[in-house]
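To start, the structure under review is shown below, and the notes come after it.
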Amino acid sequence: MGACIHAASRRFSPSFPPSAARVLNTRFWPLSAWYFCYFAFLGAFNTYFGLYLKSVGISAWHIGVLLSLYPVMRLVAPNFWGWLADRWGTRARVVRYAMGATLVAFAGILGASDFWSFLAVIVVFAFFGSASLPLVEALTLAHLQHRIERYGRIRLWGSIGFILTVQGVGLALDWMPISSLIWICLGILGTAAVSSLQLAEAPAGAAHPAGEALAGGFRNPEMLALLAACFMMSAAHSPLYVFYSIHLVDHGYAKTAVGALWALGVVAEILVFLAMPRLMRRLAVRTILAASFAIAVLRFLLIGWAIDFPLAVALAQVMHGATFGACHAAAVAALNRWYPARQQARAQALYSSASFGAGGLIGGLFSGYAWEALGAGPTYTIAATFAAGGLWMVLRGLRPQ
């Protein structure tokens, strides 16, 4: 994999002198490798862990609660880890410690057997597991400096890891017991922890007093609008992440088909990441975000009401390129422009907390309740309503550029 990443990074460095290209490649391929391994783990965990919980007798409501614990931790923990990394002026070292602790905590799932034991293990696992991604995002931006348009070309390796794992694990679980999922996840997570040892530190600015606020803080109305919109988008995606695999299996799709549909969405995401440098040169962040939210409304309506039509289901998955890929890349770029380098870890942590944390929490709880009380169609209609609310916030809160 490292050779593939190194070769890919060479493709994207012709505009730099040879010596500069070598430095950039040395910095970027460990980041790409970490993204690959980390999202490979998420591909296995997010896609199939709900099926594992169902297999051991956990109810739909409790599945929603358990899978909301990770967003709960992402609401609080990333801000602590981001503050710590910015305070110490080191991000890579914090990532290494957090990844090791995440691996140990996740192993506790092997001993969990009921709702309360799963809850205890996932709380600890999520506290440490929520630390790494915002810090690596900030580390990537620090290495990129003013070449933010290259972000997608590094981040796409995470999408590649996700898609390969979703497909591979889906195939494996068609002939292996669902209990093997935990061992598969442990192996992938261990690889991610090892890959974090290769991450190089980047200058983050001088350490600063703990009380120093983010530049502009909550007085920046555009930042508030962006965070609120991303909250809505994450809430809209929660029924997808929690119940999509169950939804498909309940309607007769084989686990191989489930993996293929997840993979299709990530292929679209990869293509969008590759196209983002050109899109961001031609379109304003507001335009990209508005299009992403509008597409999300249609996507979740299709998932809710057209599940028996494979072409419609496939089209909805292609839309993932916009509803996640374009939205995430545009949000990261906006934060990178608004905040100085020394505050990027906390800025990205704030984004993670507001969107994946608070949005994922509220979305996970509502989807668990709505799934049992109302069924799949109404649940995904509520998701589309969240996306429509986010579209309104983007149009009202972000200035045209």
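Converting from the sequence shown to the numbering used here requires adding 1108 to each position, the first position being numbered 1.
For every residue, glycine included, the Cβ atom is placed at its ideal position computed from N, Cα and C.
Quick caveat: nothing in here was measured; it's all calculated off a predicted structure.
- Taken through DSSP and simplified to helix, strand or coil, residue 1412 comes out as helix.
- Residue 1199 counts as buried, since no fewer than 16 other beta carbons sit within 10 angstroms of its beta carbon.
- Here the C-alpha atom of residue 1374 lies approximately 7 Å from the C-alpha atom of residue 1428.
- A direct Cα-to-Cα measurement between residue 1188 and residue 1202 gives close to 11 Å.
- Distance between residue 1489 and residue 1309, taken at the CA atoms: about 44 Å.
- Of the other Cβ atoms in all chains shown, 16 or more fall within 10 Å of the Cβ of residue 1277; this residue is therefore buried.
- Sequence-distant partners of residue 1353 (beyond 5 residues in either direction) whose C-beta falls short of 7 Å from its own C-beta, in its chain, are 1155, 1156, 1158, 1159 and 1366.
- In the three-state reduction of the DSSP assignment, residue 1328 falls in the coil class.
- For residue 1410, same chain residues with a beta-carbon under 6 Å away, outside a window of 5 residues either side, are 1420 and 1424 in chain order.
- Cβ contact annotation for residue 1282 (same chain, cutoff 6 Å, sequence separation greater than five): 1363 and 1364, in chain order.
- Between the region 1223 to 1236 and the region 1244 to 1259, the count of Cβ pairs shorter than 8 Å is below three; the stretches do not touch.
- For residue 1285, the number of other beta carbons within 10 angstroms of its own is below 16, and it is reported as exposed.
- DSSP places residue 1364 within a helical segment (H, G or I) once states are collapsed to three.
- Assignment of residue 1308 by DSSP, reduced to helix, strand and coil, places it in the coil class.
- Here residue 1436 carries a helix assignment [DSSP, helix/strand/coil].
- Apart from the 5 residues on each side of it in sequence, residue 1265 sits with its Cβ closer than 6 Å to the Cβ of 1140, 1143 and 1144 in its chain, given in chain order.
- Here residue 1502 is near residue 1397, since their CB atoms are less than 9 Å apart.
- Distances from the CA of residue 1272 to each of 1506, 1150 and 1507 were compared; the closest alpha carbon is that of 1150.
- By the criterion of a C-beta distance shorter than 6 Å, residue 1147 is surrounded in its chain by 1266, 1269 and 1270, once the five residues flanking it on both sides are discounted.
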